[in-house]
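Undergrad:
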Amino acid sequence: MASLETPPPGRALPTAEEYERMQASPEFAELRRRFRAFVFPMTAAFLAWYLLYVLLSTYAVDFMSQRVAGNINVGLLFGLGQFASTFLITWLYIRHADRKLDPIAKQIRDELEGTR
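What the sequence shown shows, in this note's numbering, is residues 77 to 192, in sequence order.
#1: Going by DSSP, which residues form a beta bridge with I148?
#2: By how many angstroms is the C-alpha of L156 removed from the C-alpha of Q99?
#3: Distance check for T166 and F111, CA to CA, integer angstroms please.
#4: With a threshold of 7 Å on Cβ separation, who are the neighbours of L188 within its own chain once the five nearest residues in sequence on each side are excluded?
#5: Return helix, strand or coil for P90, following the three-state DSSP convention.
#6: From what residue to what residue does the alpha helix (DSSP H) around R110 run?
#7: Span of the alpha helix (DSSP H) holding D174?
#8: Helix, strand or coil: which one does DSSP assign to G155?
#9: Just to confirm my understanding: we take A181, look at its own chain, exclude 5 residues before and 5 after, and list those with CB closer than 8 Å. What are they?
#10: Please report how far the alpha carbon of Q158 lies from the alpha carbon of L131, in whole angstroms.
#11: Taking the straight line between their C-alpha atoms, what separation do you get for V115 and A124?
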């Protein structure tokens, strides 16, 4: 297993100054902007969805206990929807990272590691 303190063969660890310079770069700012543009709205949407589930479970018991089919009720569907939305958000983030974050991160890493 590779250590964070052991650089790959043929490469040296970047210095603290090089890290600070890269952190101040426009590329790093763009990487952070793209990350935050996805994460904050998605987190807010998921928390709102979860809060809706909790509030309906607490204050709309009659609605949540309505049967949909057999022993399956609205509350169960909302609960399973929490799992489904978690998997959906994970898939969306992976897709976003592959398309929008990883290319910039690779460029930053290549610049940082290629400074020697």
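Every residue gets a Cβ at the ideal spot worked out from N, C-alpha and C, and that includes glycine.
TA: Per the coordinate set shown:
#1: A145
#2: 41 Å
#3: 14 Å
#4: P90, E94, M98
#5: coil
#6: 102–135
#7: Taken as a continuous stretch (DSSP letters only), D174 belongs to no alpha helix (DSSP H), as it is neither H nor E.
#8: helix
#9: L107
#10: 14 Å
#11: 14 Å
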